[in-house]
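Down below is the structure, laid out as structure tokens.
Numbering (full-length UniProt numbering), first residue to last: 1 to 982.
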């Protein structure tokens, strides 16, 4: 980073240096004093105290009553008024209730506040803030799945004091709405799965006028008389109207307005999700005790420097989606609220009753959701399979983008490649050492004085020449563009200010804060005009020096503000429409990515009328961000525990609907040992987003610098990733149409195996039966892998055979990645080494048939051009490969739907792409001595004449499976054919 010259050095520059040094000084752990605990967050502390009061009083009754006379049900939607009785008062607060039932089987419960709906409230300080509760998170997060059910109906079997609605597939779901106190039980097949307000912790902090309390006077020698407070007034009011932290004061013109709800999962011991946090996949309890957290899990997107291991602290993104799992059953809830949110988790267990045959012990998990503002808005998913829940959630919030093919290959990054010649040199050295890579990245130092959309003329005088060299081998460049704009006289900042497109402070003036450029302003992407303006900045004639192979990295978009409270923007700042920043904080980062996505679409459409899929990496995210790009887990450290924790973090993102996730390979801060760096590449080869990245103060660590044997082992891991790109791309396609995670945790693949519900250090890749457990501990040379089923598993590299169920020990010296293949699958590969994935476009395929106990196997391959949207018009290949053991035959079947406008042309381009090898692992002993297989092809729906091609047989030896190879069977990857092995 360049420091200010002596002539211009002032307190402003000093502040920047202090901020910068705080980012680069080695630290043992995160600076906790910079971030709130629940006790330091007024609304969290109040609602925890509310829960303590309720749960400690056996006579407690929730003050929320559904007025039965207001209940209406029409066309799949139930409405009514929930009345909140104010203690020791005649006041009633009316809360409009809506319960919607959707065709997808999803139910939605929403509660607002009548006065705020009508705007009948007074704001403090003559504030410009909007009066209503924020209710627009849906505009950013929800894109589908809300077709109201025509089959939902009220049940005739309704008890007094309840309203029952049956809904969902086969009317197997039921919502039992309790009137007094208000609550909802959700049932599947007659059994309660989820309960709302079961413990009476629901709390909607209603609007109230601020009352200045008169000071009591006392006579000399007398004590002041203090009236006994009633329960309502006994609440801690100290943070109702103002709240201070870290030297900053947050003014609250609307007063207290938190919403809270307790959600119980009867019989469910494990809950997952609510990304992003460090720690195990199965979430811990949060009310203290051994092995438990003492603070709730927090969702408040923040720039957390050197975040710590196994913590409920907030991180960069928020996905308020939680799943609960027990044997053969998964359910879930989605809390649609963009404000700061805390979630307490507790568990209650009941022992088995010896007098009740067949009734065992059971655990109920209880979650207490608390948000600072907005409406209470929760979706319910009743499963019963993990994919049913994840699929329904992603139908609502959008499936992950089908990314460009290059973006799932390897990315090379550091802060910073310092000149365009430096970039060229790194590019050449990857080639010199025969190491594949697809993308090189530029951090902030490429800009002219931290002014985005510019290039430093001294260090990057020829960006076009640099990009052209990359393009020769189909490589890409990713450049960072952050939402803070340098508060200086340059066109981007001038336009942002003059057009009124920036975020404002509480007075309605342009907000100024501090980030990498120094004094900065922030683009307000909630404003449609700001998004339209942002779109124009990426045009090739505007962002000069960029080409079609340049893509974008949106960092610091929480937003990170160095001199702001908790290193972010003040909550009383104002955004488009009069919404306070407190209302929209967690979705803020997504609005920037949304605007950038639209900008990249417009950039290329304007150039040649041919849209390519944008690639964007984001640090901040919310539900729905998966539609627009990838994420990474932020500024981790080069330490073994951080390598280990990256696996459950990436798994958590996958089951939270955002599978395009990864961690900085090697660790962002610090210098990894050669062993750690090597093992990290072996783990990174299984991150959906695979990028090496490092801090500006670290030593250079490009793979070719590692020295032998490390360089060769790292290259081997990279080539494994590249050879499996067909499987990765097919898994991404599946995620893009169903929401299925790409890396799948144990409970997802084996939902009935209770021993594995807490396993989060091994995982499966897509639907291919590839089970990996990379090494994450120093010096470890053997790895225990748990096999849940009775299937046969084979070592990916040498076909050593393992049998489940149970734990098996797999040798894992430094050069080995513990990777097993589950019997019953067919895995597509491309085995020819290339410099980049783009150069593999027309390479032939290898099909690996892995035979298990049944003798059958199946696999899928999806292909398209890897960059455009032409697949939406039929330009793709989608094949299923089926091996049938009873006939010893392999068939290629077409999964493509009705041909589109571009199907024929695409198939023409792929007509020479063939299958060059078929490997059968676990080949039957009856094949011994066999030297040929019979091949027949389908041409225009007619079978061609059969022909014979050679087969090689390899006998089982020393615990390794027998295997067979058919080389060059002469069949095309996109056509129908059959190969008979017997």
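A virtual CB, placed ideally from N, CA and C, is assigned to each residue, including glycine.
All values derive from a computational prediction rather than experimental measurement.
* To do: Entirely within the region 98–152 and at least 3 residues each: give me those beta strand (DSSP E) ranges in chain order.
  => 107–111
Fill in: Same chain only: Cβ atoms within 6 Å of residue 70, ignoring 5 sequence neighbours per side
In the chain shown, the residue the question calls residue 70 occupies position 70. Only 80, 81 meet the Cβ criterion.
Have a look at 603, 463, 205, 626 and flag the residue whose alpha-carbon is nearest the alpha-carbon of residue 742. Mapped onto the chain shown, residue 742 falls at position 742. Answer by Cα proximity: 626.
Among residues of its own chain, excluding the 5 on either side of residue 420, which ones have a beta-carbon nearer than 8 Å to its beta-carbon?
-> The count along the chain shown starts at 1 and reaches residue 420 at position 420. Answer for residue 420: 459, 460, 461, 462, 463, 465, 466, listed in chain order.
Cβ-Cβ separation, residue 497 to residue 451 (assumed contact under 8 Å), whole Å
As a first step, residue 451 is located in the chain shown; it is residue number 451 there, counting from the start. As a first step, residue 497 is located in the chain shown; it is residue number 497 there, counting from the start. Not really, about 14 Å apart at Cβ, beyond 8 Å.
Practice task
Determine the contact status of residue 767 and residue 734, defining contact as a CB-CB distance below 9 Å.
Solution key: Numbered from 1 along the chain shown, position 767 holds the residue referred to as residue 767. Numbered from 1 along the chain shown, position 734 holds the residue referred to as residue 734. Yes.
>> Just verifying my parser: in three-state terms, what is the DSSP assignment at residue 390?
In response: Indexing the chain shown from 1 puts residue 390 at position 390. Three-state DSSP puts residue 390 in a helix.
What do you get for residue 126, buried or exposed, if any count of 16 or more other CB atoms within 10 angstroms of its CB means buried?
The residue labelled residue 126 in the question sits at position 126 within the chain shown. Residue 126 is exposed by the Cβ-count criterion.
Report yes if the C-beta distance between residue 582 and residue 250 is below 9 Å; otherwise report no. Against the chain shown, residue 582 aligns to sequence position 582. Against the chain shown, residue 250 aligns to sequence position 250. Yes, the pair counts as a contact, with Cβ atoms nearer than the cut-off.
- In the structure shown, what three-state DSSP assignment does residue 383 receive? Here residue 383 refers to the residue found at position 383 of the chain shown. DSSP places residue 383 in coil when its eight states are reduced to three.
Report buried or exposed for residue 752, applying the criterion of at least 16 other Cβ atoms within 10 angstroms of its Cβ. What you label residue 752 is simply residue 752 of the chain shown in a count that begins at 1. It is exposed - the Cβ of residue 752 has fewer than 16 other Cβ atoms within 10 Å.
Given this structure, state the Cα-to-Cα distance separating residue 976 from residue 881, to the nearest angstrom. Counted from its first residue, the chain shown places residue 976 at position 976. Counted from its first residue, the chain shown places residue 881 at position 881. Roughly 10 Å between the two C-alpha positions.
Work out the CA separation of residue 54 and residue 65 for me, nearest whole Å.
If you number the chain shown from 1, residue 65 lands on position 65. If you number the chain shown from 1, residue 54 lands on position 54. If I take the Cα positions, the gap works out to 16 Å.
Discussion item. Given this structure, state the Cα-to-Cα distance separating residue 67 from residue 764, to the nearest angstrom.
Written reply: Locating residue 67 in the chain shown gives position 67, counting from the first residue. Locating residue 764 in the chain shown gives position 764, counting from the first residue. Their backbone Cα atoms lie some 50 Å apart in a straight line.
Proximity test, Cβ basis, 9 Å: residue 980 and chain C:
Included in the structure is just one protein chain, with no chain C present.
Legend entry - From 955, 918, 194, residue whose alpha carbon lies closest to that of residue 924: In the chain shown, counting from the first residue as 1, residue 924 sits at position 924. Nearest of 955, 918, 194 to residue 924, Cα basis: 955.
- Query: Looking at the structure shown, is residue 160 part of a helix, part of a strand, or coil, going by DSSP?
  - Reply: As a position in the chain shown, residue 160 is number 160, starting the count at 1. Coil at residue 160, not helix or strand.
Practice prompt. Go ahead and pull the three-state DSSP assignment for residue 940.
Written response: Against the chain shown, residue 940 aligns to sequence position 940. Confidence in residue 940 is poor, its pLDDT being 44 and thus under 50, which makes the residue's placement too unreliable to answer from.
Worksheet entry | Residues bridged to residue 876 (per DSSP) | As a first step, residue 876 is located in the chain shown; it is residue number 876 there, counting from the start. Partner(s): 864.
Contact set for residue 267: own chain, Cβ-Cβ below 6 Å, skip 5 residues either direction: For the purposes of this step, residue 267 is taken as the residue at position 267 of the chain shown. Hits under 6 Å: 326, 362.
### Query
Taking just the CA atoms, how far does residue 517 sit from residue 569?
For the purposes of this step, residue 569 is taken as residue 569 along the chain shown, with counting starting at 1. For the purposes of this step, residue 517 is taken as residue 517 along the chain shown, with counting starting at 1. Those two C-alpha atoms are separated by around 16 Å.
Residue 390 vs residue 740 beta-carbon contact at 9 Å
Taking the first residue of the chain shown as position 1, residue 390 is located at position 390. Taking the first residue of the chain shown as position 1, residue 740 is located at position 740. Cβ atoms of residue 390 and residue 740: closer than 9 Å.
Cβ-based neighbour list, residue 782, same chain, cut-off 8 Å, excluding 5 preceding and 5 following: For the purposes of this step, residue 782 is taken as the residue at position 782 of the chain shown. Counting only Cβ-Cβ distances below 8 Å, and skipping sequence neighbours, we find 809, 810, 811, 812.
Identify every run of the alpha helix (DSSP H) within the region 733–771, keeping only runs that are complete inside it and at least 4 residues long; order them along the chain. 746–749
Item to complete: Quick one: using the 10 Å Cβ neighbour count with 16 as the cut-off for buried, is residue 513 buried or exposed?
Response: To locate residue 513, count along the chain shown from 1; it is residue 513. Classification for residue 513: buried.
### Task
Ignore the nearest five residues each way along the sequence and tell me which others in residue 379's own chain have a CB closer than 6 Å to its CB.
Start at 1 with the first residue of the chain shown, and residue 379 comes out as number 379. Correct list, in chain order: 106, 108, 334.
Checking the sheet assignment: what are the DSSP bridge partners for residue 819? Numbered from its first residue, the chain shown carries residue 819 at position 819. Answer by DSSP bridge pairing, in chain order: 772.
Provide the residue span of the beta strand (DSSP E) that contains residue 278, from first to last. Taking the first residue of the chain shown as position 1, residue 278 is located at position 278. Residue 278 -> no beta strand (DSSP E), and no H or E assigned at all.
Query raised in the report: First and last residue of the alpha helix (DSSP H) that includes residue 1021?
Result: Lying before the first or after the last residue shown, residue 1021 is absent from the chain, which here runs from 1 to 982.
> CB-CB under 6 Å to residue 968, same chain, minus the five flanking residues each way: which ones, in chain order?
Replying inline: For the purposes of this step, residue 968 is taken as the residue at position 968 of the chain shown. Cβ neighbours of residue 968 beyond the five flanking positions: 916.
- request: Helix, strand or coil for residue 976, going by three-state DSSP, please let me know.
  value: Here residue 976 refers to the residue found at position 976 when the chain shown is read from its first residue. Residue 976 falls in the coil class under three-state DSSP.
Which residues mark the beginning and the end of the alpha helix (DSSP H) in which residue 640 is found? In the chain shown, residue 640 corresponds to position 640, counting from 1. Taken as a continuous stretch (DSSP letters only), the alpha helix (DSSP H) holding residue 640 covers 640–655.
**Straight-line gap, residue 988 to residue 168 (C-alpha atoms, nearest Å)** = Absent from the structure is residue 988, since the part of the chain shown begins at 1 and ends at 982.
Discussion item. When you compare the region 400–420 with the region 436–446, are there three or more beta-carbon pairs, one atom per stretch, that lie closer than 8 Å?
Written reply: yes
Contacts around residue 653, its chain only, beta-carbon distance under 6 Å, and the 5 residues preceding and following it disregarded = Reading the chain shown from its first residue, position 653 is the one you call residue 653. Cβ within range, chain order: 275, 661.
Discussion item. Below 8 Å on the Cβ atoms is my contact criterion, and I expect residue 586 with residue 277 to pass it. Report the Cβ-Cβ distance as a whole number of Å.
Written reply: Reading the chain shown from its first residue, position 586 is the one you call residue 586. Reading the chain shown from its first residue, position 277 is the one you call residue 277. Not really, about 14 Å apart at Cβ, beyond 8 Å.
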